[in-house]
Amino acid sequence: MARRLERIDRPIKVLTEDIYALSSIRNMLYVAAPRLLPALILLLLPLFAPGAYFQRVFTLTAIYGLLALSWDFIALSTGLVSLGQALFFGIGAYLAALLNLYLGLPPFLTLALATVLGACICTALLAPCLPLKGIYFAMTTLVYPLLMARVIEATAIVGGTDGLVGVESFSDLWVERYFILIFLLASTFSLRRLITTDFGLVLRSISDNDQAVRASGINITLYKLIAVWIGSALGSFAGAYFTHLYMFVGLSAFSLDLSILPIACAVVGGIGTLAGPVLGAFILVPLAEMLRDLGTLRIVSYSLLLVALVLFKPEGIMSYLKRKYEQIERWMEV
Amino acid sequence: MLPSLLVYGLINSVTLALTALGFSLTYGISRVANFAHGALYVLAGFSAWFFLNRFHLNYYLAALLAVVLISLTGAAIYRFALIRVRGMPLLEIIVTFALGTAALEALRYFGFLGSHYSLPPLFRGSVNLYGVPVDAQRIALVVIGGLLVFTLWLFTHHTRIGLAFRAIAQDEQAAMMLGIDSDVMAALSLAVGAALVGLAAIVVLPLGYIATESGSNILVSAIAVCILGGLESTAGVIVASLLIGYTQILTVAYLGPHYQMIVALLAILITLILKPSGLFGKQKELEERV
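Structure follows, in structure tokens:
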């Protein structure tokens, strides 16, 4: 007897797709739960975290989550795959440190300035490579952070190999813990909203078929520039926050780990879902902290996990959960 | 000053060409950018060291075993991992890069780092070339590099497998119609590419020591040479390694040793921005940019 797996949408999913979503509390909850519940859990996490060490881990996780979100946004909206998230991170980190140390600006002003300026610098650096595709764009982005680190090392500007120490930290511990979480939630939700607007529609179609978009009389370079600007702004913010958190910035801000981790998070969480990479970060980063005793074996297990997921489960957790939430699966006799 | 710059520039160029040949060959045939290239180089060095010092084998036998081992590793990477993501360049890069990182970090974990491990030079003594003292190992390196390029040319033009390689690179569909198995050829191309980088490790490493840290440098310089020359073209590899090799030696002489890597990185950036297909690339412009 031959069987096949049939997937059909749940009745409640179809019902809640239009105005009938408002017809009962249950329908409203069905729509709201997957959005509100994770947000609520995220906001409550710091309150129930066991000790200051885990508080710090959560903050760090949120920073990496932001970096992963930025990677996924660029990949989803323009189809460009960046292997150099460390560039955004490092530029933001160094800008925040320099603004704070040499101009004496307070942390929140440097955060804002580093985000905007950092995004402009990164976009300007990447602008000439935007017409490139696939592996060529990936290689350019891979090279930029390496080049930055080598230039700083060779010319000994901005602290050279010693880095910059004595950056001002946040005034209040709870501000430090919650500001990044709220920023992460806000940017995840607004990017998810942005991608469904007309503007987002153009962005997504660039990744599907850029020539068709071009043939419709739309300037794709401009759209790509805006997408990269948004992505690098998020990355720079993450870097700037990291600098103020550790009161230090060094060459490690351009390290390769920072480019690999967001990709790993996106693969675990589900590429192109925006919320998925954030979820991936909240799985991978605490896991990595628990494995800290293993030393560099941590990176080994990490990389092997990444390979296994890419080869055997490329779908990602977010897509899997979405499917289970929205569809019924049943075996049909053929 | 000038003779020494010329001689050492040539040696540096041949070193670059040796390490880049494998990467270029693999990409040219199977379109797989093997980001585990640097890791394979380091692995080859350590396995040769292992065969020499733990099993006390003859130098030539140890070198041969190491090259064969690395070549099998390359084929295994294709057979067990890459075959599943073939045709998706991003995933190919992620898989090979993650495997390379895993291998390097595992070596680091087991304590294979620092300057404790080195291969003995195969040729001792030194020669005076136009008033510049050059040790025999470096001369041997240039000779072996030249021989290797010649052998590779013979291999790709006069053997069955070599001709099949070129057929797959030219037109995969037509080659498959003539009974050439694309998967077997891709696995073989990874094996040959890995063997080439293993050979490079055996020849180059006696000049310094085996360091896990050099893995990423080797990868970056191989990519730099291949991109400047045009991914897939052997003539491009030679011209690009001469260009980058001499530029590196000049910047090191006049600016300082830190600038060596910057030259390679800048070469990648400038080539990709100005002419992504490289100096000798045969790729159509439309395929890689809008």
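Sequence order for the protein chains is F and Z. The first sequence begins at 103 in our numbering and counts up by one. The second sequence begins at 162 in our numbering and counts up by one. Glycine included, every Cβ here is placed at the ideal spot set by N, Cα and C. Predicted, not measured: the structure shown is a model, and the values here were computed from it.
Inter-residue CB distance, GLY186 of chain F and TYR246 of chain F (contact presumed, cutoff 8 Å) = Numbered from 1 along the first sequence, position 84 holds the residue referred to as residue 186 of chain F. Numbered from 1 along the first sequence, position 144 holds the residue referred to as residue 246 of chain F. The C-beta distance from GLY186 of chain F to TYR246 of chain F rounds to 5 Å, short enough to meet the 8 Å contact threshold.
Name the DSSP beta bridge partners of GLN429 of chain F, please?
-> On the first sequence, position 327 is the one that residue 429 of chain F refers to. Answer is F:ASP111.
Around the C-beta of ILE379 of chain Z, are 16 or more other C-beta atoms found within 10 angstroms, so that it is buried, or is it exposed?
-> Here residue 379 of chain Z refers to the residue found at position 218 of the second sequence. Answer is buried; the Cβ neighbour count reaches 16.
Short CB-CB distance (under 9 Å) between TYR420 of chain Z and chain F | Counted from its first residue, the second sequence places residue 420 of chain Z at position 259. Judged by the 9 Å Cβ criterion, TYR420 of chain Z is in contact with chain F.
Who are the near neighbours of ARG299 of chain Z in its chain, counting only those whose CB is closer than 8 Å to its CB and skipping five residues on each side?
-> On the second sequence, residue 299 of chain Z is found 138 positions in, with the first residue counted as 1. Close CB contacts of ARG299 of chain Z within its chain, under the 8 Å cut and outside five residues either way in sequence, are with ILE172 and LEU368 (chain order).
When you compare only the Cα positions, how much space is there between CYS231 of chain F and LEU139 of chain F?
-> Residue numbering aside, residue 231 of chain F sits at position 129 when the first sequence is read from its first letter. Residue numbering aside, residue 139 of chain F sits at position 37 when the first sequence is read from its first letter. Spanning the two alpha carbons is a distance of roughly 40 Å.
Contacting residues, own chain, Cβ-Cβ under 6 Å from VAL409 of chain F (five flanking each side not counted) | Taking the first residue of the first sequence as 1, we reach residue 409 of chain F at position 307. Cβ within range, chain order: n/a, list empty.
Positions along the stretch 238 to 270 of chain Z whose CB lies within less than 8 Å of some CB in chain F | The residues in question are ALA242, ARG245, VAL246, PRO250, LEU251, LEU252, ILE254, ILE255, VAL256, PHE258, ALA259, LEU260, THR262, ALA263, GLU266, ALA267, ARG269 and TYR270.
Buried or exposed by the 16-neighbour rule on C-beta atoms within 10 Å, applied to LYS426 of chain F = If you number the first sequence from 1, residue 426 of chain F lands on position 324. LYS426 of chain F sits exposed, since fewer than 16 C-beta atoms from the chains shown fall within 10 Å of its C-beta.
Determine contact between the stretch 164 to 171 of chain F and the stretch 280 to 297 of chain F, defined as no fewer than three beta-carbon pairs at a distance below 8 Å.
-> Yes: the two stretches touch, three or more of their Cβ pairs being nearer than 8 Å.
Give the residues from the stretch 179 to 205 of chain Z that approach chain F closer than 8 Å (Cβ to any Cβ), ordered along the chain.
-> Cβ contacts with chain F: ALA194.
Please decide whether CYS231 of chain F counts as near chain Z, where near means a Cβ-Cβ distance under 9 Å.
-> Locating residue 231 of chain F in the first sequence gives position 129, where the first residue counts as 1. For CYS231 of chain F, the answer is yes, since a Cβ of chain Z falls inside 9 Å of its Cβ.
Hey, quick one: how far does the alpha helix (DSSP H) through ASN202 of chain F stretch, first residue to last?
-> Taking the first residue of the first sequence as 1, we reach residue 202 of chain F at position 100. Taken as a continuous stretch (DSSP letters only), the alpha helix (DSSP H) holding ASN202 of chain F covers 187 to 205.
Beta carbon of ALA347 of chain Z nearer than 9 Å to that of ARG215 of chain Z | As a working mapping, residue 347 of chain Z is identified with position 186 in the second sequence. As a working mapping, residue 215 of chain Z is identified with position 54 in the second sequence. Using a Cβ distance threshold of 9 Å, ALA347 of chain Z and ARG215 of chain Z do not count as a contacting pair.
Checking contacts by CB at 9 Å: is SER470 of chain Z closer than that to chain F?
-> Beyond the ends of chain Z as shown, which are 162 and 451, falls residue 470 of chain Z; an answer cannot be given.
ILE305 of chain Z versus chain F: which residues are under 9 Å apart at the beta carbon?
-> Here residue 305 of chain Z refers to the residue found at position 144 of the second sequence. What ILE305 of chain Z touches in chain F: nothing, since even the nearest Cβ is about 29 Å away.
Inter-residue Cα distance where the pair is LEU166 of chain Z and GLY302 of chain F | Along the second sequence, one-based indexing puts residue 166 of chain Z at 5. Along the first sequence, one-based indexing puts residue 302 of chain F at 200. The alpha-carbon atoms of LEU166 of chain Z and GLY302 of chain F are separated by roughly 55 Å.
What's the C-alpha gap between TRP276 of chain F and LEU146 of chain F?
-> Here residue 276 of chain F corresponds to residue number 174 of the first sequence, with the count starting at 1. Here residue 146 of chain F corresponds to residue number 44 of the first sequence, with the count starting at 1. Cα to Cα, TRP276 of chain F sits roughly 12 Å from LEU146 of chain F.
Closer than 8 Å, Cβ to Cβ, to anything on chain Z: give me those residues from the stretch 211 to 238 of chain F, in chain order.
-> So the close ones are PRO230, CYS231, PRO233, LEU234, LYS235, GLY236, ILE237 and TYR238.
Run the CB neighbour count on PRO209 of chain F, radius 10 Å, all protein chains shown included, and call it buried at 16 or more, exposed below.
-> Within the first sequence, residue 209 of chain F is the residue found at index 107, counting from 1. Per the 10 Å Cβ criterion, buried.
Where does ARG192 of chain Z land, buried or exposed, given buried means 16+ other C-beta within 10 angstroms?
-> In the second sequence, the residue the question calls residue 192 of chain Z occupies position 31. Buried: at least 16 other Cβ atoms inside 10 Å.
Leaving out the 5 sequence neighbours to the left and right, which residues in its chain are closer than 7 Å to ARG327 of chain Z when beta-carbon positions are compared?
-> Locating residue 327 of chain Z in the second sequence gives position 166, where the first residue counts as 1. So the qualifying residues of the chain are THR317.
Evaluate the contact criterion for the stretch 313 to 327 of chain F versus the stretch 205 to 221 of chain F: three or more CB pairs, one atom per stretch, below 8 Å.
-> Below 8 Å, too few C-beta pairs join the stretch 313 to 327 of chain F and the stretch 205 to 221 of chain F to call them touching: fewer than three.
Chain Z contact for GLY371 of chain F (CB, 9 Å cutoff) | Working through the first sequence from its first residue, we reach residue 371 of chain F at position 269. The Cβ of GLY371 of chain F sits no closer than 9 Å to any Cβ of chain Z.
With DSSP as the reference, label LEU179 of chain Z as helix, strand or coil.
-> By one-based count along the second sequence, residue 179 of chain Z stands at place 18. Assignment of LEU179 of chain Z by DSSP, reduced to helix, strand and coil, places it in the helix class.
Chain Z beta carbons: is any one of them nearer than 9 Å to that of TYR246 of chain F?
-> Within the first sequence, the letter at position 144 stands for residue 246 of chain F. Any Cβ of chain Z closer than 9 Å to the Cβ of TYR246 of chain F would place that residue at the interface, and such an atom is present.
Let me know if PHE150 of chain F comes out buried or exposed under the rule of 16 or more other beta-carbons within 10 Å of its beta-carbon.
-> Here residue 150 of chain F refers to the residue found at position 48 when the first sequence is read from its first residue. Exposed is the call here.
Anticipated Cβ contact below 8 Å, VAL203 of chain Z with ILE371 of chain Z, distance rounded | Within the second sequence, numbered from 1, the residue matching residue 203 of chain Z stands at position 42. Within the second sequence, numbered from 1, the residue matching residue 371 of chain Z stands at position 210. So it is a contact: roughly 7 Å between Cβ atoms.
Alpha-carbon to alpha-carbon, PHE207 of chain Z and ALA223 of chain Z | Position 62 of the second sequence, counted from the start, is the residue given in the question as residue 223 of chain Z. Position 46 of the second sequence, counted from the start, is the residue given in the question as residue 207 of chain Z. C-alpha separation (whole angstroms): 11 Å.
Name, please, each residue of chain F whose Cβ falls closer than 7 Å to the Cβ of VAL434 of chain Z.
-> Sequence index remark: in the second sequence, residue 434 of chain Z carries index 273 (1-based). A quick correction: the sequence has Ile, not Val, at residue 434 of chain Z. Close partners of ILE434 of chain Z in chain F (Cβ separation under 7 Å): PRO230 and CYS231.
When you compare only the Cα positions, how much space is there between ALA356 of chain Z and LEU349 of chain Z?
-> By 1-based counting over the second sequence, the position of residue 356 of chain Z is 195. By 1-based counting over the second sequence, the position of residue 349 of chain Z is 188. Roughly 10 Å separates the two Cα atoms.
For MET103 of chain F, which three-state DSSP category applies?
-> Translated into the one-based positions of the first sequence, residue 103 of chain F becomes position 1. In this structure, DSSP gives MET103 of chain F a state outside helix and strand, which the three-state scheme calls coil.
Distance CB(THR217 of chain F)-CB(GLY194 of chain F) smaller than 9 Å = Along the first sequence, read from residue 1 onward, the residue named residue 217 of chain F stands at position 115. Along the first sequence, read from residue 1 onward, the residue named residue 194 of chain F stands at position 92. Yes. Within cutoff.
So, helix, strand or coil for SER287 of chain Z, using DSSP?
-> Along the second sequence, one-based indexing puts residue 287 of chain Z at 126. Of the three classes helix, strand and coil, the one that applies to SER287 of chain Z here is strand, per DSSP.
Any beta-carbon of chain Z closer than 9 Å to the one on ARG437 of chain F?
-> Coverage of chain F is limited to positions 103 through 436, which leaves residue 437 of chain F absent and any answer about it impossible.
Would you please verify whether the beta carbon of SER405 of chain F is less than 9 Å from any beta carbon of chain Z?
-> In the first sequence, counting from the first residue as 1, residue 405 of chain F sits at position 303. Chain Z contact via Cβ: present.
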